[in-house]
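Q:
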Amino acid sequence: MNLPHSSFRRYFHKACLGLLAASSSLIMAAPVTGATTRVQNLSGSWSFRLPHSDPAAANYAKATEWHTAQVPGHVHTDLLAHQLIADPYVGDAEAALQWIGNAAWEYRLQFDLDEHIRQSRHQDLVFEGIDTFADIYLNGEKIATTDNAFRRWVLPAKSLLKKRQNELRLILHSPIQRLLPQVQAMPIKLAGNYPSPFGDEPRDAMTGNFARKPGYHYGWDWGPRYVSAGIWRAVKIVSYDEVFLQDFHIQQGRLNTQSAELQAKLEIQADQDTQIDLDLRILDPDGKQILSKNVQAQLGKGHNQLSLPLHIDHPRRWYPHGMGEQALYSVRLSIRKGKKIITETTKRTGLRQVELAREKDQWGQAFGFVINGIPVFAKGANVIPFDMFPNRVKPGQIRAILQSAKDANMNMLRLWGGGYYESDAFYDMADELGLMLWQDFMFGGGVVPAYDPKFRDNVIAEAREQILRLRSHPSIVLWCGNNEQETAWKDWGIGQKLTEANPIFAAHVWAGYQTLFGKDLREQVTRLGAGVPYWSSSPGNDLADRANDSNNGDKHYWDVWAGSQAIESYLSETPRFMSEFGLQAWPVQSTVDAFAPRSEQSSDSPLIRAHQKFLAGDGNQRLLHYIRASYPEPKTFADFIYLSQLMQAEGIELAALHHRSSKPRTMGSLYWQLNDVWPGASWSGIDYFGHWKALHFHARRFFAPLAVAALHDKGITRISAVSDLLQDQALEWRLRIMDVDGKLLRDEIRPLTLSANSAIELAQISDAELPPASKADTTFIVAELIRDGNSIARSIAYLQASKQLTLPDPLLEATIVAEADHYRLHLHATKLARAVWLDFGEHQHSLSDNALTLLPGESISLRLDSAQNLTTLRDSLRIRHLAQLKAAAPAPSP
12 MNLPHSSFRR
22 YFHKACLGLL
32 AASSSLIMAA
42 PVTGATTRVQ
52 NLSGSWSFRL
62 PHSDPAAANY
72 AKATEWHTAQ
82 VPGHVHTDLL
92 AHQLIADPYV
102 GDAEAALQWI
112 GNAAWEYRLQ
122 FDLDEHIRQS
132 RHQDLVFEGI
142 DTFADIYLNG
152 EKIATTDNAF
162 RRWVLPAKSL
172 LKKRQNELRL
182 ILHSPIQRLL
192 PQVQAMPIKL
202 AGNYPSPFGD
212 EPRDAMTGNF
222 ARKPGYHYGW
232 DWGPRYVSAG
242 IWRAVKIVSY
252 DEVFLQDFHI
262 QQGRLNTQSA
272 ELQAKLEIQA
282 DQDTQIDLDL
292 RILDPDGKQI
302 LSKNVQAQLG
312 KGHNQLSLPL
322 HIDHPRRWYP
332 HGMGEQALYS
342 VRLSIRKGKK
352 IITETTKRTG
362 LRQVELAREK
372 DQWGQAFGFV
382 INGIPVFAKG
392 ANVIPFDMFP
402 NRVKPGQIRA
412 ILQSAKDANM
422 NMLRLWGGGY
432 YESDAFYDMA
442 DELGLMLWQD
452 FMFGGGVVPA
462 YDPKFRDNVI
472 AEAREQILRL
482 RSHPSIVLWC
492 GNNEQETAWK
502 DWGIGQKLTE
512 ANPIFAAHVW
522 AGYQTLFGKD
532 LREQVTRLGA
542 GVPYWSSSPG
552 NDLADRANDS
562 NNGDKHYWDV
572 WAGSQAIESY
582 LSETPRFMSE
592 FGLQAWPVQS
602 TVDAFAPRSE
612 QSSDSPLIRA
622 HQKFLAGDGN
632 QRLLHYIRAS
642 YPEPKTFADF
652 IYLSQLMQAE
662 GIELAALHHR
672 SSKPRTMGSL
682 YWQLNDVWPG
692 ASWSGIDYFG
702 HWKALHFHAR
712 RFFAPLAVAA
722 LHDKGITRIS
732 AVSDLLQDQA
742 LEWRLRIMDV
752 DGKLLRDEIR
762 PLTLSANSAI
772 ELAQISDAEL
782 PPASKADTTF
792 IVAELIRDGN
802 SIARSIAYLQ
812 ASKQLTLPDP
822 LLEATIVAEA
832 DHYRLHLHAT
842 KLARAVWLDF
852 GEHQHSLSDN
862 ALTLLPGESI
872 SLRLDSAQNL
882 TTLRDSLRIR
892 HLAQLKAAAP
902 APSP
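What follows is the structure, given as structure tokens:
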């Protein structure tokens, strides 16, 4: 493990300590003593089996027996818990486990009814999430059929519930088998995403885009195909008498430094005309009560909407990380009837204004976020699901990854549309950490049957539930209709092919798309989304003619990597907002060791190919293409890992610094991707086990609030300074031109006043202007920002590709000493130490920094945390640097 000491381990072990007390699913809030709204959780003593009638039963007899099940959970993890299947992540188990997604599964629970709930007037059976197609039976009677994994299902159950021995039973149907007949029957098929490599559905009849379930379960180019099923979120019985709180939120009105005008909005269901008492208190971000309001309200029979005006003087506003505090207010509500408490709950929210800037300018039409009146350059990455099976993800893991994003100076994450809407804990943590969230609706790609009114109605209900659940989170700053569906139609030939096949059907499909993503979802966000803007598709220009336009809207740029263009092409692409771009790398050695023995670690071995999903296993050739373009040939798989991470880190750094230097023309840089869904090759900066790749260490530097960019392209080095700080900065900037042995060819320090929230070009240096002693293979340019004599930001530009550099042995000297409750690693380089990577093999550890380049004569000191003793750490330290590979002759592929 190679993490900065402030990140993964600290937050993993404090998993439960940082969670919020408040719940954003208010009607599910835990009841208080004496409250008439009560909840009985149905999480224990479940069992599951493969039905005997299923065709798979003949080959998997043990699975037809009843086994204990985990609810919430997934059928794959239940099978694994009973050792009925191999670990889906180890070796090449994937092909042998495809039968699971093609089978039906039965779950059952026997339970007694809580006595207080039994006496209640209303008793609802509530499923927070079922994946996906289920028939639900209560005490032998079918009460519902479900078809959307992203929706809640509230089922009145009082007439069927008994005091003792209730039986709840679910038949979960295979989404493939449920949908495949109707898809195959279509005379003209809709384009899907990634065809199954296992033959369980035809390539031209993919079912994933017809199902409202996580799209990534069907396989992606960074994850396996496990079409899971299960009761994946909580099951409970909610009871109440004559009054029930259905929804409670705080609607923000006027907000400025002097005051905040708010409305407490309540939706209450009443069985009859009645009077209630509302007690409402507001606590400031420090927990101090600043407002108390007690009112009486008259309810009519049926649905009631109430609004209570609230006022806060000199409010503390919520800002993204790096701009100000993440102020969060708590609003506590108690509803009483006489002396009897009906319910009590708490809502936590932040006060902020969000705007999506769309002004026309000299470059086209802007796309950028404005928070509390301040334009924000968005720095961050795209987030994919944390696991193939969401219920394996613990709050501590989420906390560690999100904290790592903050530690890398990120302020925005894009929640990609092919996964699922995250847990309440995720959004709570993002609020706390100041991470703005771009929230896609769950459409990951392909063409969906939006022309079908029933499909649209299902999506609208899903969207409404999710917006209501999440609208109090200040971290959410954008709702986006889908990922890449519009550009696929317009730019990838999907629309043209469908039009050529049947122009009438194609027009019907496109009209359905425009209705769902241009009208329906927009209306839901506008009406319910608490002022958060809506964007119809990413990339896009909100249904303008061009979908992936560099001068308007947001951009996905994959000419580098998918199009095999040179990494330097990033410098020729200056979008308004880069919402996707990326380069692959393998995870650290210990992560590869977790699923593959060393004897099978080669780029073309079947097992390694099974964990390389790009181009169905051929992605390592694309990786080698980019490594060979700039770096020495890898001799071993360990070299391959190291060079893939170096290439990824330096390539993304080049692009991100170019984006930042282009502010305000470009106002966002979100690379693909932050995290991993399983252990394997991917575009992530943090691997499945939470280890930081070289990219994430680099990101902490290239996303720093004050940064300098030295970018060499076509014989010119352009040097720029960037500030995200909101005050002018009195600095100096230093330019050095030197060689790998430490000889200074030029050294200048100049004063610099760097304006707030700005980027400025400092210099352009052509290769022809370099000092006469410069040599392309040994000379490099160093630009630094200096405050009070100390370097606070650095960027290095090389004149040639790394494989063409003449790199000497840096003569690195490393020492490790004990200091109080940690260790200190001192490192000194006599000559240029290019791309240093420090590792301790199998021994768990965290380092305050890594993936470093040391200038000639430079020393650094790093904090090292590990449970190992000093001798073990000294003996196991391994240091990699680029000169080690330069000395070797080219070798066959690793």
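In our numbering, each residue's number is its place in the sequence shown (first place is 1) plus 11. We treat Cβ as the ideally placed atom computed from N, Cα and C, and that holds for glycine.
Within 8 Å, do at least three Cβ pairs link the region 773-781 to the region 855-870?
A: no
Q: Give me the Cβ distance between Gly551 and Asp565, rounded to the nearest whole Å; I'm assuming they're in contact under 8 Å.
A: One-based indexing of the sequence shown puts residue 551 at position 540. One-based indexing of the sequence shown puts residue 565 at position 554. Indeed they touch by this definition, with Cβ atoms about 7 Å apart.
Q: Give the DSSP-derived three-state secondary structure of Lys508 in the structure shown.
A: Translated into positions along the sequence shown, residue 508 becomes position 497. Lys508 falls in the helix class under three-state DSSP.
Q: Count the other CB atoms within 10 Å of the CB of Asn801; is the residue buried (16 or more) or exposed (fewer)?
A: Here residue 801 is taken as the residue at index 790 of the sequence shown, counted from 1. Label assigned to Asn801: exposed.
Q: Terminal residues of the continuous beta strand (DSSP E) containing Val423?
A: What you label residue 423 is simply residue 412 of the sequence shown in a count that begins at 1. The sequence shown places Met at residue 423, not Val. Per DSSP, Met423 belongs to the beta strand (DSSP E) from 423-426.
Q: How many Å lie between Ser613 and Arg757 at the Cα?
A: As a first step, residue 613 is located in the sequence shown; it is residue number 602 there, counting from the start. As a first step, residue 757 is located in the sequence shown; it is residue number 746 there, counting from the start. Linking Ser613 to Arg757 through their CA atoms gives a straight-line distance of about 45 Å.
Q: Could you pull the DSSP bridge partners for Phe791 from this structure?
A: Start at 1 with the first residue of the sequence shown, and residue 791 comes out as number 780. Phe791 pairs with Met749, Tyr809.
Q: Would you mind giving the Cβ-Cβ distance between Pro544 and Val394, rounded to the nearest angstrom? I have them listed as a contact below 8 Å.
A: For the purposes of this step, residue 544 is identified with residue 533 of the sequence shown, where counting begins at 1. For the purposes of this step, residue 394 is identified with residue 383 of the sequence shown, where counting begins at 1. 19 Å between Cβ atoms; not a contact.
Q: Whose CA, out of Gln193, Leu426, Ile353, Ile776, lies closest to the CA of Glu591?
A: The sequence position of residue 591 within the sequence shown is 580, counting from 1. For the residues Gln193, Leu426, Ile353, Ile776, the minimum Cα distance to Glu591 belongs to Leu426.
Q: With distance defined between alpha-carbon atoms, name the residue in Lys725, Leu717, Thr728 nearest to Ala741.
A: As a working mapping, residue 741 is identified with position 730 in the sequence shown. Answer by Cα proximity: Leu717.
Q: Counting C-beta neighbours from all protein chains within 10 Å, is the total for Asp650 16 or more, i.e. buried, or is it exposed?
A: As a position in the sequence shown, residue 650 is number 639, starting the count at 1. Label assigned to Asp650: buried.
Q: Assuming contact is defined by CB atoms lying nearer than 8 Å, are Ala115 and Ile187 in contact in what I supplied?
A: Indexing the sequence shown from 1 puts residue 115 at position 104. Indexing the sequence shown from 1 puts residue 187 at position 176. The Cβ-Cβ distance between Ala115 and Ile187 does not fall below 8 Å.
Q: Hey, His856 and Ala419 are a contact pair by Cβ (cut 8 Å); roughly how many whole angstroms apart?
A: The residue you call residue 856 lines up with position 845 of the sequence shown. The residue you call residue 419 lines up with position 408 of the sequence shown. The Cβ separation is near 19 Å, so there is no contact.
Q: When the distance is taken between beta carbons, is Gly492 closer than 8 Å to Gly226?
A: Counting from 1 along the sequence shown, the entry for residue 226 is found at position 215. Counting from 1 along the sequence shown, the entry for residue 492 is found at position 481. It is not a contact, given that the beta carbons lie outside the stated cut-off.
Q: Which complete beta strand (DSSP E) runs does the region 347-389 hold, if anything under 3 residues is left out?
A: 351-360, 365-368, 379-382, 385-387
Q: Among Gly112, Lys73, Trp110, Ala106, which one has its Cα closest to the Cα of Asp93?
A: Walking along the sequence shown from the start, residue 93 turns up at place 82. It should be pointed out that residue 93 corresponds to His in this sequence rather than to Asp. The option with the nearest alpha carbon to His93 is Lys73.
Q: Can you give me the Cβ contacts of Gln316 inside the same chain, cut-off strictly under 6 Å, excluding the 5 residues immediately before and after it?
A: For the purposes of this step, residue 316 is identified with residue 305 of the sequence shown, where counting begins at 1. So the qualifying residues of the chain are Glu278.
Q: Please check the pair Ile771 and Ala732, which I expect to be a contact at CB under 8 Å, by giving their CB distance rounded to whole angstroms.
A: Here residue 771 corresponds to residue number 760 of the sequence shown, with the count starting at 1. Here residue 732 corresponds to residue number 721 of the sequence shown, with the count starting at 1. Contact holds; Cβ gap of about 5 Å.
Q: For Pro167, report the span of its beta strand (DSSP E) as first-last.
A: Residue mapping note: residue 167 aligns to position 156 of the sequence shown, counting from 1. Per DSSP, Pro167 belongs to the beta strand (DSSP E) from 164-167.
Q: On the three-state DSSP scale, how would you describe Val603?
A: Within the sequence shown, the letter at position 592 stands for residue 603. Three-state DSSP puts Val603 in a helix.
Q: Of all the options Leu339, Leu763, Val381, which has the alpha carbon lying nearest to the alpha carbon of Asp799?
A: Taking the sequence shown and counting its residues from 1, one reaches residue 799 at position 788. Ranking Leu339, Leu763, Val381 by Cα distance to Asp799 puts Leu763 first.
Q: What are the residues that DSSP puts in a beta bridge with Ser549?
A: The sequence position of residue 549 within the sequence shown is 538, counting from 1. Per DSSP, Asn494.
Q: Let's test the definition: count the other Cβ atoms within 10 Å of the Cβ of Met197 and tell me whether it reaches 16, buried, or not, exposed.
A: The count along the sequence shown starts at 1 and reaches residue 197 at position 186. By the neighbour-count rule (16 or more Cβ atoms within 10 Å), Met197 is not buried but exposed.
Q: Run through DSSP, which three-state label would Asp125 get?
A: In the sequence shown, counting from the first residue as 1, residue 125 sits at position 114. Note: Asp125 maps to coil in three-state DSSP.
Q: I think Asn246 touches Ser54, with their Cβ atoms under 8 Å apart; what is that distance to the nearest whole Å?
A: As a working mapping, residue 246 is identified with position 235 in the sequence shown. As a working mapping, residue 54 is identified with position 43 in the sequence shown. In the sequence on display, residue 246 carries Val and not Asn. That pair is a contact at about 7 Å.
Q: Quick check: what's the CA-CA separation for Ile128 versus Thr143?
A: What you label residue 128 is simply residue 117 of the sequence shown in a count that begins at 1. What you label residue 143 is simply residue 132 of the sequence shown in a count that begins at 1. Taking the straight line joining both Cα atoms gives about 28 Å.
Q: Would you tell me roughly how many angstroms separate the C-alpha atoms of Leu875 and Thr882, rounded to the nearest one?
A: Position 864 of the sequence shown, counted from the start, is the residue given in the question as residue 875. Position 871 of the sequence shown, counted from the start, is the residue given in the question as residue 882. So the two alpha carbons sit approximately 14 Å from each other.
Q: Taking the straight line between their C-alpha atoms, what separation do you get for His322 and Leu273?
A: Here residue 322 corresponds to residue number 311 of the sequence shown, with the count starting at 1. Here residue 273 corresponds to residue number 262 of the sequence shown, with the count starting at 1. Take the alpha-carbon of His322 and the one of Leu273: they are about 6 Å apart.
Q: Going by Cα to Cα distance, which pick from Glu152, Thr48, Pro235 is closest to Gln130?
A: On the sequence shown, residue 130 is found 119 positions in, with the first residue counted as 1. When each option's Cα is compared against that of Gln130, the closest is Thr48.
Q: Label Pro331 either buried or exposed according to how many other C-beta atoms from any shown protein chain fall within 10 Å of its C-beta, with 16 as the threshold for buried.
A: What you label residue 331 is simply residue 320 of the sequence shown in a count that begins at 1. Buried: at least 16 other Cβ atoms inside 10 Å.
Q: Assign Gln815 to buried or exposed, taking buried as 16 or more other Cβ atoms, counted over all protein chains shown, within 10 Å of its Cβ.
A: Counting from one through the sequence shown, the residue named residue 815 turns up at place 804. Gln815 comes out exposed.
Q: DSSP three-state label for Ser34, please.
A: As a first step, residue 34 is located in the sequence shown; it is residue number 23 there, counting from the start. Because Ser34 carries a pLDDT of 28, less than 50, the predicted location of this residue cannot be relied on, and the following value inherits that uncertainty. Here Ser34 sits in coil by DSSP.
Q: Taking only three categories from DSSP, how would you classify Ser170?
A: The sequence position of residue 170 within the sequence shown is 159, counting from 1. Residue state, collapsed to three classes: coil.
Q: Since Gln300 sits in a beta bridge, which residues does DSSP pair it with?
A: If you number the sequence shown from 1, residue 300 lands on position 289. As DSSP reads the structure, Gln300 sits in a beta bridge with Leu294.
Q: Give a yes or no on whether the C-beta atoms belonging to Glu869 and Ala840 are separated by under 8 Å.
A: Within the sequence shown, numbered from 1, the residue matching residue 869 stands at position 858. Within the sequence shown, numbered from 1, the residue matching residue 840 stands at position 829. Here Glu869 is near Ala840, since their CB atoms are less than 8 Å apart.
Q: Compute the distance between the beta-carbons of Ser177 and Gln109, then report whether it is under 8 Å.
A: The count along the sequence shown starts at 1 and reaches residue 177 at position 166. The count along the sequence shown starts at 1 and reaches residue 109 at position 98. For the record, residue 177 in the displayed sequence is Asn; it is not Ser. It is not a contact, given that the beta carbons lie outside the stated cut-off.
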